[in-house]
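>
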Amino acid sequence: MRQVSNRDHLRRNSLRIRTGVVVNTLAGMTLHQDAVVVDCHNDLILLVDHFDQRDQPGHFRDFWLPELRAGGVDVQILPICLEQAFQSEGGLRRTLLLVERIHRLAAEHSDDVAVCLTGAEIDAAVSAGKIALVIALEGAHGVGQDVALVRTFHRVGVRVVSMAHFGRTFLADGSGLDSTSRGRLTPQGIEALREMEALGIVFDISHLGLGGVEDVLELATRPFLATHSACLGITDIHRNLHDDHIKQIARLGGVIGVAAAIPFFIDPRHPTADRVVDHIERIVELAGIDHVGLGPDFIDDYYQQVFGGLILPPGFEATTAHAEVARPSDLPKITEALVRRGFAESDIRKILGGNVLRVLREVMTSGAWHG
């Protein structure tokens, strides 16, 4: 019998490792492309608008649509986040202009995308091979203190709403104020929450300050989303969720979308796909497999193009590594990491989109508002 040298042994082990990596990669890619993938948060409309203003209206066609297809994205929640200059004055006008741009974008690319108002419309769009677009408000600055405008936004197609960004609105405090103020929902904020639930608008708890989170957990009667957050127990930053809050969101049937593209939330030093899966695993351990999804927050291209680099909000580290999951085409890396960790195929499908789809179907039950 031929003796196996140490070099032969190392070579065989290396081959097994490489073969295992290839198998996991192929299995991950196959599963990713077959699953329904829901991205809970991509601010791409801001970059589309940026290029529109520079007479380059083909940006979505040339950049984002290929990226979404490469990432296997079937459902895209499209938030409207207002730049600071518009947050106090001009908020309503700016918001409605971007809502209109999303509708025009869908008309221009009707073979590929469709704005969806109900869960049934999402399912129909996905079945037809289109990307289902769900319009969202990030911060709801355009509402101001006029809660009646929640109905107006519902009429024009908005189906997901958060009440604050980092700062303060007439409805609530954002998480950026947690160190100086833990303001609860205002009376208008409580009224707006009730109106959203009545209309079939999905509430988004991401960016909400601690006091507001506690109010929502106490008052909510329907499932809701944290569209782009992560675990405070892994990365200690005010935008992430406490373990108890994660458990309570699950108790109400909600889902946490993990902000895979934001190094500050995942791990400033090692924001890898595997680190994203660490956050997914923690949510599963705390809340169960039915309450975690993906909300990457692909904002880096916008900041690089518009500002030449990242603009840091208060409380964020000045230096971070580059996120491994930086664009939609990187999303299969998360699936590959889930396969490596031994997640069952049925569970991976829930994480990639099934869990968020459940919430959208349950809450988004009405189309045009007829009140």
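One gets the working numbering by counting positions in the sequence shown from 1 and adding 661 to each.
Yeah, the Cβ is synthetic: ideal placement off N, Cα and C, and Gly gets one too.
Note that the coordinates shown come from a computational prediction; the quantities given were computed from them, not determined experimentally.
#1: Decide if the region 694 to 703 is in contact with the region 755 to 775; the criterion is three or more beta carbon pairs, one per stretch, under 8 Å apart.
#2: Shortest alpha-carbon distance to residue 738 belongs to which of 1006, 962, 985 and 955?
#3: Return yes when the Cβ of residue 867 is within less than 7 Å of the Cβ of residue 853, no when it is not.
#4: Hey, residue 795 and residue 820: beta-carbon distance below 7 Å or not?
#5: Comparing C-alpha positions only, which one of 774, 830, 924 and 894 sits nearest to residue 722?
#6: Specify the secondary structure class of residue 904 as computed by DSSP and reduced to three states.
#7: Tell me the residue span of the alpha helix (DSSP H) that contains residue 936.
#8: Just to confirm before moving on: does the CB-CB distance between residue 1010 and residue 780 stay below 7 Å?
#9: Taking the continuous alpha helix (DSSP H) assigned at residue 996, which residues delimit it?
#10: Roughly how many whole angstroms lie between the Cα atoms of residue 793 and residue 694?
#11: Runs of 4 residues minimum, wholly inside the region 800 to 857: which ones carry the alpha helix (DSSP H) assignment?
#12: Going along the chain, which residues of its own chain have a beta-carbon closer than 8 Å to the beta-carbon of residue 942, five neighbours each way excluded?
#13: Hey, residue 938 and residue 998: beta-carbon distance below 7 Å or not?
#14: To the nearest angstrom, how far is it from the Cα of residue 1033 to the Cα of residue 736?
#15: Grab me the residues of residue 946's own chain with a C-beta within less than 7 Å of its C-beta, minus the 5 sequence neighbours each way, in chain order.
#16: Should residue 841 be labelled buried (16 or more other beta-carbon atoms within 10 Å of its own) or exposed?
#17: Is DSSP giving residue 688 helix, strand or coil here?
#18: Return the chain-ordered ranges of every alpha helix (DSSP H) run that is complete within the region 726 to 808 and spans a minimum of 4 residues.
#19: Taking only the alpha-carbon atoms, compute the straight-line gap between residue 855 and residue 803 and give it to the nearest angstrom.
#20: Could you tell me which residues DSSP pairs with residue 955 in its beta bridges?
#21: Expressed to the nearest angstrom, what Euclidean distance is found between the alpha-carbon atoms of residue 971 and residue 949?
#22: Where does residue 925 sit, in a helix, a strand or coil, going by DSSP?
#23: Between 1000, 1008, 1019 and 743, which lies nearest to residue 690 when the distance is taken from Cα to Cα?
#24: Which first and last residues belong to the alpha helix (DSSP H) in which residue 1013 is found?
#25: With DSSP run on the structure shown, which of helix, strand or coil describes residue 869?
#26: Classify residue 876 as buried or exposed, calling it buried when 16 or more other Cβ atoms lie within 10 Å of its own Cβ.
#27: How about residue 901 and residue 911: are their beta carbons less than 7 Å apart?
#28: Pick out whichever of 1013, 809, 883 and 987 has its Cα sitting closest to the Cα of residue 728.
#29: Classify residue 922 as buried or exposed, calling it buried when 16 or more other Cβ atoms lie within 10 Å of its own Cβ.
#30: Rounded to a whole number of angstroms, what is the C-alpha to C-alpha distance between residue 1006 and residue 874?
#31: Note down, in chain order, each residue of its chain lying with its Cβ closer than 8 Å to the Cβ of residue 676, except the 5 sequence neighbours on either side.
The structure says:
#1: Counting Cβ pairs under 8 Å, fewer than three are found: no touch.
#2: It is 955 whose Cα lies nearest to the Cα of residue 738.
#3: Cβ atoms of residue 853 and residue 867: not closer than 7 Å.
#4: In this structure, residue 820 lies closer than 7 Å to residue 795 by Cβ.
#5: When only C-alpha atoms are compared, the closest one is 774.
#6: It is helical.
#7: Run containing residue 936: 934 to 948, per the alpha helix (DSSP H) assignment.
#8: Residue 780 is positioned such that its CB atom lies no closer than 7 Å to that of residue 1010.
#9: In the DSSP assignment, residue 996 falls within the alpha helix (DSSP H) that extends over 993 to 1001.
#10: Residue 694 has its alpha-carbon roughly 16 Å from the corresponding atom of residue 793.
#11: For the region 800 to 857, the continuous alpha helix (DSSP H) assignments of 4+ residues that do not extend past its boundaries occur at 809 to 816, in sequence order.
#12: The beta carbon of residue 942 lies closer than 8 Å to those of 1002 in the same chain, with the five residues before and after it left out.
#13: Less than 7 Å separates the beta-carbon of residue 938 from that of residue 998.
#14: Since the displayed the chain opens at 662 and closes at 1032, residue 1033 lies outside it and no answer follows.
#15: So no residue of the chain qualifies.
#16: Taking every protein chain shown into account, the CB of residue 841 has fewer than 16 other CB atoms within 10 angstroms, so this residue is exposed.
#17: For residue 688, the three-state secondary structure derived from DSSP is helix.
#18: Complete alpha helix (DSSP H) runs here, min 4: 726 to 731, 745 to 748, 752 to 769 and 780 to 788.
#19: Cα to Cα, the separation comes out at about 18 Å.
#20: Looking at the DSSP output, residue 955 shares a beta bridge with 700 and 919.
#21: Going from the Cα of residue 971 to the Cα of residue 949 covers about 34 Å.
#22: Reduced to three states, the DSSP call for residue 925 is helix.
#23: Closest option to residue 690, Cα to Cα, is 1000.
#24: For residue 1013, there is no enclosing alpha helix (DSSP H), since its DSSP letter is neither H nor E.
#25: Residue state for residue 869 is assigned as strand, using DSSP reduced to three classes.
#26: Answer is buried; the Cβ neighbour count reaches 16.
#27: Cβ distance not < 7 Å, so residue 901 and residue 911 don't count as in contact.
#28: Minimum Cα distance to residue 728 is reached at 987.
#29: By the neighbour-count rule (16 or more Cβ atoms within 10 Å), residue 922 is buried.
#30: Rounded to whole angstroms, residue 1006 and residue 874 show a C-alpha spacing of 32 Å.
#31: Only weak support exists for where residue 676 lies, its pLDDT of 47 falling under 50; the value from the coordinates is given anyway. Once the five neighbours on either side are set aside, residue 676 has no close Cβ partner at all.
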